[in-house]
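Going by UniProt numbering, the residue at position 39 of the sequence shown is 39; the numbering climbs one at a time, nothing skipped.
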Amino acid sequence: MKLYVIKINSILKSIFLASMAIILFAMVFYFKEEVATVFQQKRDLPIYSVDKKIAITFDCAWGSDDIPDILDTLEKHQVKASFFIVGTWAEKFPDAVRLISEAGHDVGNHSYSHIKMGSVDRNRIKDEIIKCDSVLEKITGKEVNLFRPPYGEYNNDVIRVARELNHYTIQWDVDSLNIKVKHTQSAQADIFLYRPVLNTITI
Numbered sequence: 001m002k003l004y005v006i007k008i009n010s011i012l013k014s015i016f017l018a019s020m021a022i023i024l025f026a027m028v029f030y031f032k033e034e035v036a037t038v039f040q041q042k043r044d045l046p047i048y049s050v051d052k053k054i055a056i057t058f059d060c061a062w063g064s065d066d067i068p069d070i071l072d073t074l075e076k077h078q079v080k081a082s083f084f085i086v087g088t089w090a091e092k093f094p095d096a097v098r099l100i101s102e103a104g105h106d107v108g109n110h111s112y113s114h115i116k117m118g119s120v121d122r123n124r125i126k127d128e129i130i131k132c133d134s135v136l137e138k139i140t141g142k143e144v145n146l147f148r149p150p151y152g153e154y155n156n157d158v159i160r161v162a163r164e165l166n167h168y169t170i171q172w173d174v175d176s177l178n179i180k181v182k183h184t185q186s187a188q189a190d191i192f193l194y195r196p197v198l199n200t201i202t203i
């Protein structure tokens, strides 16, 4: 007669190891699917130039004292720039907007009230762009098709709504106030951002 000695600890250990193997297999399969889903999602991006050129842009949301000097400097060097203008600023300084437009520079939309576009819904984004367009077009008599989100903040909704309204979303590479470089090593062009302030900016 043979006696079999069964060790409970060994059985429990085997069950534990088998269970862990099943759990690990399930986790690997789950995370593989999740990672694939994340990387399949496409993010809409604004326009960054890839040509070997430099573009000078200005965001107008504060004072207007510098505008004549800036325009004189640009004319002196025969340079054309893009001015992204907030709707409320345009309402306050319509003569400055006219000077910019009549000098042949691009007038772009910088939202109506300079809010963080990535924090609001699509309807608010659309309202901000349309309302600013209306103000700028009334002053200049020209259609607006350039857009820059305030603070450089954007998400897919911002880019898509702007596109639906026939606007090109433009970002920048170098910020003149803090020399913040945002372009990658492979970038071949820079878009410079200047902000008119109380004192004249020398370019």
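Positions of the beta carbon are idealized from the N, C-alpha and C atoms, including for glycine.
Note that the structure is a prediction, hence the values are computed from the model and not measured.
Within its chain, find whatever has a CB closer than 7 Å to the CB of residue i; leave out the 5 residues flanking it on each side and keep chain order.
i: Ala90; result: Val97, Val135, Leu136 and Ile139
i: Tyr30; result: For Tyr30, the pLDDT reaches just 47, beneath the cut-off of 50, and the residue's location in the model is therefore unreliable, leaving the point undetermined.
i: Gly104; result: Lys80
i: residue 252; result: Outside the shown range of the chain, which is 1 to 203, sits residue 252, and nothing can be said about it.
Can you check which of these residues, the options, is closest to residue i by C-alpha distance?
i: Arg160; options: Thr169, Leu99 and Gly152; result: Thr169
i: Gly152; options: Asn123, Ser111, Pro68 and Thr73; result: Ser111
i: Lys142; options: Asp127, Pro150 and Ile100; result: Ile100
i: Asp59; options: Asp95, Glu75, Pro150 and Leu71; result: Pro150
i: Asp106; options: Thr57, Asp127 and Arg163; result: Thr57
i: Glu128; options: Ala162, Asp95 and Glu102; result: Ala162
i: residue 204; options: Asp95, Glu102 and Glu164; result: Residue 204 falls outside the range modelled here, since the chain spans only 1 to 203, and no answer is possible.
Could you compute how far the alpha carbon of residue i sits from the alpha carbon of residue j?
i: Met117; j: Val144; result: 19 Å
i: Asn166; j: Phe147; result: 10 Å
i: Asp133; j: His114; result: 13 Å
i: Gly108; j: Ile85; result: 6 Å
i: Gln171; j: Ile130; result: 19 Å
i: Asp95; j: Glu75; result: 18 Å
i: Leu71; j: Gln78; result: 10 Å
i: Ile179; j: Gly87; result: Note that Ile179 scores a pLDDT of 35, beneath 50, so its modelled location is shaky; the value from the coordinates is reported in the next line. Ile179 and Gly87: Cα-Cα distance of roughly 26 Å.
i: Glu102; j: Ala61; result: 19 Å
Which residues in the same chain have their Cβ closer than 6 Å to the Cβ of residue i, if we skip the five residues on either side of it in sequence?
i: Asn155; result: Gly118
Got a sec? Which residues, its chain only, sit under 8 Å from residue i by beta carbon, not counting five neighbours each side?
i: Asp121; result: Asp157
i: Asn123; result: none
Is any heavy atom in the ligand GTP found nearer than 7 Å to the beta carbon of residue i?
i: Ile115; result: For the ligand GTP, the structure offers nothing, since it holds no ligand at all.
Practice task
Just list the beta strand (DSSP E) runs in the region 73-155, keeping only unbroken ones of 3 residues or longer that don't cross its boundaries, in chain order.
Solution key: Counting whole runs of 3 or more residues, the region 73-155 contains the beta strand (DSSP E) stretches 82-85 and 106-109.
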